[in-house]
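Undergrad: Numbering (my numbering), first residue to last: 2 to 154. C-beta: ideal position from N, C-alpha, C; glycine also.
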Amino acid sequence: MTLNNLDLSLQFGQFDNLAAHQALLTEAKVTQWIKHALAVDAEMAVRIVGVEEGQALNLQFRKKDYATNVLTFNYQYEPTVQADLVICGPVIEREAQEQNKSLEEHYAHMVVHGTLHAQGWDHETSEEDADEMEAYETEIMEELGFADPYAQD
2 MTLNNLDLSL QFGQFDNLAA HQALLTEAKV TQWIKHALAV DAEMAVRIVG VEEGQALNLQ
62 FRKKDYATNV LTFNYQYEPT VQADLVICGP VIEREAQEQN KSLEEHYAHM VVHGTLHAQG
122 WDHETSEEDA DEMEAYETEI MEELGFADPY AQD
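1. Can you tell me whether DSSP reads Thr27 as helix, strand or coil?
2. When DSSP labels each residue in this structure, what does Glu79 get in the three-state scheme?
3. Per DSSP, what are the beta-bridge partners of Val52 in this structure?
4. Starting from Asp17, follow the beta strand (DSSP E) in both directions and report where the run begins and ends.
5. For Ala68, which of Ile49, Gln83, Thr32, His110 has the nearest alpha-carbon?
6. Following the continuous alpha helix (DSSP H) through Asp130, name the residue where it begins and the one where it ends.
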């Protein structure tokens, strides 16, 4: 399998338990997750943030006053994807515990999910689009050695 090229900037904000997230999220690992979800070459920044920063961005750009797991800001689809992913570390940590998943597994899923959004995939347009995106996410996650993120325990 030939993977597309990626120019990645991996950034971290400040939040509790930051060191554990930094140790887990190496540039090599995040690059691998993104490249498996890319259909074309890309230039992307991934910023791992705390609740305060995540909530402020979600309010500013989506008018929703809470920190969500991943926000995708896509600027260009072709000839290369140009996008930023903002992932809220404490939300990912909480959701991983609630879903009985490892932190790594949930981060991988949210990176893949955000990368698909950066390429125009959307699960909020219709049930059919949601099913198609979930199926593709599952395929990518399995290629990466993870379980189906949507499987019910």
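TA: To lay it out plainly:
1. The residue labelled residue 27 in the question sits at position 26 within the sequence shown. DSSP places Thr27 in the coil class of the three-state scheme, outside both helix and strand.
2. Locating residue 79 in the sequence shown gives position 78, counting from the first residue. Three-state DSSP puts Glu79 in coil, outside helix and strand.
3. For this step, residue 52 is matched to residue 51 along the sequence shown. None; Val52 has no bridge partner.
4. The residue you call residue 17 lines up with position 16 of the sequence shown. No beta strand (DSSP E) holds Asp17; DSSP gives it neither H nor E.
5. Within the sequence shown, residue 68 is the residue found at index 67, counting from 1. For the residues Ile49, Gln83, Thr32, His110, the minimum Cα distance to Ala68 belongs to Ile49.
6. Locating residue 130 in the sequence shown gives position 129, where the first residue counts as 1. Segment 128-144, the alpha helix (DSSP H) holding Asp130.
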